[in-house]
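Numbering (this note's numbering), first residue to last: 4 to 166.
Listed below in structure tokens is the structure:
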């Protein structure tokens with residue numbers, strides 16, 4: 004990957020990629036792997052961008068798809084390992100994110116389904132229902148209903164942690 008491509012087409016959208024990768028990972032090591040894989044896939048797929056949407060929308064969609072794919076692979080690997088070959092307890096790496104309330108929010112988001120994580124991240128980025136629908140592959144009315152339900156689940160999760 005050329006540094007020009009990285010500086011012009013990935014670095015300006017790093018915040019998008021970071022937020023999505025954080026929502027789909029539990030450790031710094033996994034986060035770094037996801038981030039690297041998303042950047043690699045953006046570079047590999049750059050010729051597939053047809054300009055039918057904004058570059059940022061395409062980066063969102065690709066980041067979500069890569070993260071969900073990696074999460075599914077990770078779950079499959081864990082299920083195979085859980086078949087008795089290794090102990091089921093794995094020590095958790097401490098998180099390296101400094102803001103406790105932000106970490107609580109990401110922890111709550113990670114408890115949502117894979118697609119709901121993507122929807123709420125886009126909502127928190129202040130994307131319109133239409134933009135979210137375009138990225139997720141849905142329609143704006145369904146996104147509105149889904150966001151309302153996700154907010155309710157997040158409130159319950161966060162209230163349970165606080166009380």
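Backbone N, C-alpha and C define an ideal beta-carbon position, used for all residues, glycine too.
Nearest to residue 40 by C-alpha distance, out of 74, 59, 163, 56, is 74. Counting C-beta pairs with one atom in each stretch, the stretch 100-109 and the stretch 49-68 have fewer than three that are closer than 8 Å, which means they do not touch.
The C-beta distance from residue 153 to residue 122 rounds to 6 Å, short enough to fall under 8 Å. In the displayed model, residue 120 falls within a helix according to three-state DSSP. Across the set 138, 61, 28, the C-alpha of 28 shows the shortest separation from the C-alpha of residue 70. Residue 111 sits buried, since 16 or more C-beta atoms from the chains shown fall within 10 Å of its C-beta. Within the same chain, Cβ atoms closer than 8 Å to the Cβ of residue 125 are found at 63, 134, 135, 138, 139, the five residues on either side in sequence being excluded. Looking from the CA of residue 36, the closest CA among 47, 46, 24 belongs to 24.
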